[in-house]
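Working notes, structure below.
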Amino acid sequence: MDFAAFEKLVKQRRSIRYYSDKPVAKEDILKLLDVAHLSPSVENAQPWRFHVIFSQEMKRKLMAACCYGNFIDATSVFIIVSCDHSHEHSMPEVVWNPRELEFSCMAAMMHVIFGATAMGLGSCWVSLHHGQIHEFLKLPRDQTVVGGVMLGHFKPGEEKSREHFERAPLSKLITIYE
Ligand SMILES: Cc1cc2nc3c(=O)[nH]c(=O)nc-3n(C[C@H](O)[C@H](O)[C@H](O)COP(=O)(O)O)c2cc1C
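In my numbering, the protein residues as written are 14 to 191.
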């Protein structure tokens, strides 16, 4: 893939909050998690844990644990990513900033999101209340909840329904040291 193709993919992605009823195939989700697993991570700790939720009943129950926008019952599949912090203890000499374990999980989430875009699927990151999800999924104590990703097929006509949200001028956000 050249840069132009990558740029096209990046520009194609935007947050989609409502989807068609067409289910996303489990094999496609596994392909996405396969590329997520190739993400960079601090000292290759691979702290991401993926919780893939197809169950409509579970999605409905989880809605209260979403910070804003309870859209997740309108998605085909909802993936929750948690972070395994056990590396903090097993590799203390290399994990000098424990937040980097969660940053690594965020990198994996972006692989899922761009992979979904390349598959022609819509996606949206969802902020989650840590405690409620932790209890709901019965996660071990050394895992934190990083976030959720909704995935689904576009509703007919939805693909071209809006441009990207406006971005601040890039020039104000860059400092170049020469
Ligand atoms: C860390 C993070 C948390 C987000 N949380 C939510 C959320 O809880 N609900 C939601 O609808 N969108 C959420 N979003 C999506 C943003 O609202 C969206 O990316 C932003 O408005 C820019 O729009 P775009 O993704 O279409 O370019 C989140 C995005 C990020 C990166």
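Even for Gly, the Cβ is constructed at its ideal location relative to N, Cα and C.
Fair warning: this is a prediction, and the values are worked out from it, not measured in the lab.
Problem - Same chain only: Cβ atoms within 6 Å of Leu46, ignoring 5 sequence neighbours per side - result: Against the sequence shown, residue 46 aligns to sequence position 33. Closer than 6 Å at Cβ, skipping near neighbours: Phe63.
Handout entry: Near ligand 1: Arg154 beta-carbon under 7 Å from a heavy atom
Key = In the sequence shown, the residue the question calls residue 154 occupies position 141. Because no heavy atom of ligand 1 lies under 7 Å away, the Cβ of Arg154 does not count as near it: no.
Practice task
Please classify Thr130: does DSSP put it in a helix, a strand, or coil?
Solution key: As a first step, residue 130 is located in the sequence shown; it is residue number 117 there, counting from the start. Here Thr130 carries a helix assignment [DSSP, helix/strand/coil].
Problem - Assigned secondary structure, Val158 (DSSP; H/G/I helix, E/B strand, else coil) - result: The residue labelled residue 158 in the question sits at position 145 within the sequence shown. Of the three classes helix, strand and coil, the one that applies to Val158 here is strand, per DSSP.
Exercise for the section: Tell me whether Thr188 is buried or exposed, calling it buried when 16 or more other Cβ atoms sit within 10 Å of its Cβ. Expected result: For this step, residue 188 is matched to residue 175 along the sequence shown. It is exposed - the Cβ of Thr188 has fewer than 16 other Cβ atoms within 10 Å.
Problem - Closest by C-alpha distance to Arg27, when choosing among Met123, Val158, Glu106, Cys79 - result: Position 14 of the sequence shown, counted from the start, is the residue given in the question as residue 27. Measuring from the Cα of Arg27, the nearest candidate turns out to be Met123.
Exercise for the section: With DSSP as the reference, label Cys80 as helix, strand or coil. Expected result: The count along the sequence shown starts at 1 and reaches residue 80 at position 67. Cys80 falls in the coil class under three-state DSSP.
Exercise for the section: Along the beta strand (DSSP E) that carries Val178, what are the first and last residues, could you check? Expected result: Numbered from its first residue, the sequence shown carries residue 178 at position 165. The sequence given here places Phe at residue 178; Val does not occur at that position. Here Phe178 belongs to no beta strand (DSSP E), and DSSP marks it neither H nor E.
Handout entry: Best match in Gly135, Trp109, Ala58 for proximity to Ile36 [C-alpha to C-alpha]
Key = Start at 1 with the first residue of the sequence shown, and residue 36 comes out as number 23. According to the sequence as given, residue 36 is Pro; it is not Ile. Minimum Cα distance to Pro36 is reached at Gly135.
Practice task
Using a Cβ cut-off of 8 Å (strictly closer), state whether Ala129 contacts chain D.
Solution key: The structure shown contains no chain D, having only a single protein chain.
Handout entry: Buried or exposed by the 16-neighbour rule on C-beta atoms within 10 Å, applied to Cys80
Key = One-based indexing of the sequence shown puts residue 80 at position 67. Burial call: exposed.
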